[in-house]
Structure formats: C-alpha cells, structure tokens
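In this note's numbering, the protein residues as written are 6 to 219. All residues carry an ideal CB built from backbone N, CA and C; glycine is no exception. Working notes, structure below.
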C-alpha cells in the first residue's frame, strides 16, 4: 500500500525518493548527488525534469521509478551521501517495523525474516543497518512465500521429503520462474513465468497421496 499506509520502503518508494532528490539537486534546491546522472541515464533523458514531465504526460509510467532502486544502492556503495541516507532510512524503517510488531505481539528477541527483491539482493549497507537495529536475529528469505506455505502443509500431511521437494520446486518455478534455490534465468535462456494452476493442483494431489502413504 506504500506511503498512505505509513510504510516507507520497497523498491517503488526508494526509486521515487531517488527521483525526488535528483530533481532537487538538478534545480538547486538540494545537495548534489550522483542520483541525478543515474536517473537521466536510466531513462535516457537529458534532464531529470524531462523524466518527471514524461511521467506527468503519461509518456513514462511512474511505476518505472521502482527501476531506480538498484541505482540507489550502487550510488550509496560508491559513497554518494544522499543515496547512502536513503539506504539508511530504509534500514531504519524495516527494523522499526519489526520492533513495533514484536512489541505488539509481546515477543522477546524474535527471528526477523526479510523478504522481497530489495532484501534478497543482499546489499551490505542495508542489511547491516537492519541487523544493528532489529529486535532479534535477521534472516533474508529468498524463496517465494508460497514455497513456505507448501512446506508447512506438507509437514502436516507427512514426512516424504521427495514429494515435498517436487511440490515446492513446482511452486517456486510457477511463482518466480526459477527452481527453488536456483539462480534466475538469463536473458538468453527465458523461462515461461505463466502460473499453471492446474499443474500445481495435480502435482499437489499426487504428492498429498504420497505423503499420506509414507
């Protein structure tokens, strides 16, 4: 839900923040930042203002701002002060959300699980910031949430590791386009990312029978 929900985080929010600071740097209202060149380079426009106008006119989708998230991390790693500030704020927000949840649930030292493409990218500065401020140990989850749900269900049905692996592998490919635990496909080796719900149901039913008989 983004900013209206009180959440400051994710690739979309981070990319829009980069665009905001790049505009201000370009027109002199803010400090100079490498994000200016990153924005114009990514969108192949002469000025950041041109990017904003293109979004306003509908020539560019404002959702493409999320594509700037990797540039924020790259600029931060190169020592850009503004980009570094954005990464630090993101880390504080993630840790703060975890701490608030732990307080409301009255948990002491909970395991904090991070998901999503930003966390899975493994940026050192971000993860270090989160770990310094989180209410418990932090683990980055790189598999789709659906895989965890299938493993939980399989654990309730029985203990057949082979059947469980078959189902989680199928779900992982259907959801993310890659096998569970494998690297993403390359541009020259495309993966059909269409979710075949019928195939998943068939595999699940067959594995369910295996689990019950084991």
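DSSP state of residue i mapped onto helix, strand, coil
{"i": "residue 20", "result": "helix"}
{"i": "residue 146", "result": "coil"}
{"i": "residue 112", "result": "coil"}
{"i": "residue 12", "result": "coil"}
Proximity of residue i and residue j at Cβ, strictly below 8 Å
{"i": "residue 220", "j": "residue 87", "result": "Residue 220 cannot be examined here, being either before or after the span of the chain that is shown, 6 to 219."}
{"i": "residue 77", "j": "residue 40", "result": "yes"}
{"i": "residue 75", "j": "residue 120", "result": "no"}
{"i": "residue 135", "j": "residue 96", "result": "yes"}
{"i": "residue 56", "j": "residue 23", "result": "no"}
{"i": "residue 83", "j": "residue 139", "result": "no"}
Residue of the options minimising C-alpha distance to residue i
{"i": "residue 108", "options": "119, 120, 141", "result": "141"}
{"i": "residue 146", "options": "157, 117, 134", "result": "117"}
{"i": "residue 71", "options": "47, 19, 85", "result": "19"}
{"i": "residue 31", "options": "96, 128, 148, 52", "result": "52"}
{"i": "residue 46", "options": "27, 95, 112, 66", "result": "27"}
{"i": "residue 130", "options": "79, 148, 11, 103", "result": "79"}
{"i": "residue 38", "options": "85, 102, 138", "result": "85"}
{"i": "residue 13", "options": "60, 73, 94", "result": "94"}
Alpha-carbon spacing of residue i relative to residue j, whole angstroms
{"i": "residue 49", "j": "residue 115", "result": "45 Å"}
{"i": "residue 62", "j": "residue 10", "result": "27 Å"}
{"i": "residue 66", "j": "residue 158", "result": "39 Å"}
{"i": "residue 58", "j": "residue 113", "result": "49 Å"}
{"i": "residue 133", "j": "residue 100", "result": "11 Å"}
{"i": "residue 25", "j": "residue 155", "result": "41 Å"}
{"i": "residue 152", "j": "residue 125", "result": "15 Å"}
{"i": "residue 127", "j": "residue 110", "result": "28 Å"}
{"i": "residue 69", "j": "residue 105", "result": "31 Å"}
{"i": "residue 29", "j": "residue 64", "result": "22 Å"}
{"i": "residue 35", "j": "residue 98", "result": "23 Å"}
{"i": "residue 21", "j": "residue 54", "result": "14 Å"}
{"i": "residue 137", "j": "residue 73", "result": "26 Å"}
Same chain only: Cβ atoms within 6 Å of residue i, ignoring 5 sequence neighbours per side
{"i": "residue 89", "result": "81"}
{"i": "residue 186", "result": "Note that residue 186 has pLDDT 45, beneath the 50 cutoff, so the model's placement of it is unreliable and no number is given."}
Spatial neighbours of residue i in its chain, beta-carbon cut-off 7 Å, leaving aside the 5 residues before and after
{"i": "residue 8", "result": "18"}
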